[in-house]
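My numbering runs 798 ahead of the 1-based position in the sequence shown. One structure below.
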Amino acid sequence: MSFFKKLLVGKVGKIYHHKISPIKKTILNIRAIWNNDHEEDNGIEKIVRLFLSSSQLLFPGIYIKHMATKIGYEYKDLAMDFYILAKVIFPILILINNWQTNDYVVFVLIYILLETVLYIPTLIFASDLFSQPRSYKRSMLLLFFNYLESVLSFAVFYRTGDYLNQPLNSWFDAVYYSFVTSSTIGYGDYYPVETEGKIFTILQVFLFLFFVILFMNFFSSKIKTKGYFSDKNEF
């Protein structure tokens, strides 16, 4: 047991044992944005930042963090690791078992993908009181899994109907087309002909540009700011 605990949990320094729960910290973050504690923003910028920060309360991730911290703060990251891996595995199971014909399953997939879609810009634009992570290398690794989640999820969307010039005869064909689309290569063997397929393609390319290019550029930059990318922890 100690072997697995050392492997999966490791050692967590006291600096990361925050007394404030993730839910309360999010509420404080919303309040800080509302009161302009760190940025003198207004209008559409402030509205977007408030929306992004508030949106975290609508999804399971923050509540999983909250429950994990009750067991021990060192388990928070581990719980999120398993949750993110589950979000990657879920669309794979849908594709392999042809569950994309079930509207309820597709709705759940959209819901958990939307959490990822909103979480990353929240870290960039609305993390005034978010604590710095234990490891930015881990954050980059999780970003890769977020990317896999989005690619596999769109593969499911492409299989919900005949939106392309030819049918996707297998789940792997859908994954292949989704990867090609997300990388903006486009070999031409598959391409959208229906309006729904064109909408999915536009959204996926936009997601690729936004999450991969913008977020990686943000990581590689030397910008100093409050919150998640700050040199100092707020809590």
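Beta carbons: idealized from backbone N, C-alpha and C, even for Gly.
The criterion of a C-beta distance shorter than 7 Å is not satisfied by Arg847 and Phe928. Secondary structure of Leu962 (DSSP, three-state): strand. A residue is called buried once 16 or more other Cβ atoms fall within 10 Å of its Cβ, and Lys885 is buried on that count. A residue is called buried once 16 or more other Cβ atoms fall within 10 Å of its Cβ, and Glu913 is buried on that count.
Nearest in C-alpha terms to Gly959, of all of Pro858, Tyr861, Val904, is Val904.
Looking at Val915, Asn963, Pro965, Ile894, the one whose alpha-carbon comes closest to that of Phe943 is Val915.
Relative to the Cα of Val954, the nearest Cα in the group Phe977, Ser981, Phe849, Lys823 belongs to Phe977. In the DSSP assignment, the residues bridged to Pro990 are Leu962.
For Ile842, the enclosing alpha helix (DSSP H) has its first and last residue at 841-853.
For the options Asn967, Phe952, Asp971, the alpha carbon positioned closest to that of Ile997 is the one of Phe952. In this structure, His864 sits away from Asp926, with a CB-CB distance that is not shorter than 7 Å. Within the same chain, Cβ atoms closer than 6 Å to the Cβ of Leu911 are found at Ser951, the five residues on either side in sequence being excluded.
In the three-state reduction of the DSSP assignment, Ala953 falls in the helix class, which pools H, G and I. In the DSSP assignment, Ser976 falls within the alpha helix (DSSP H) that extends over 969-980.
Per DSSP, Ala924 lies in no alpha helix (DSSP H) segment and is marked neither H nor E. Non-local beta-carbon contacts of Phe880 in its own chain, meaning distances under 7 Å to residues more than five positions away in sequence, are absent.
Between Leu855 and Thr824 a beta carbon distance of about 6 Å is seen, short of the 8 Å cut, so the two are scored as contacting.
In the structure shown, the three-state DSSP call for Glu872 is helix. DSSP places Glu947 within a helical segment (H, G or I) once states are collapsed to three.
Residue nearest to Ala866 within the set Tyr975, Ile821, Tyr909, Leu962 is Ile821 (criterion: CA-CA distance).
By a beta-carbon distance limit of 8 Å, Ile828 contacts Ser852. Their separation comes to about 6 Å.
Here the alpha carbons of Ser948 and Gln1002 stand approximately 8 Å from one another. In the three-state scheme derived from DSSP, where H, G and I count as helix and E and B as strand, Asn900 is classed as coil. Rounded to whole angstroms, the separation of the alpha carbons of Ile887 and Thr920 is 24 Å.
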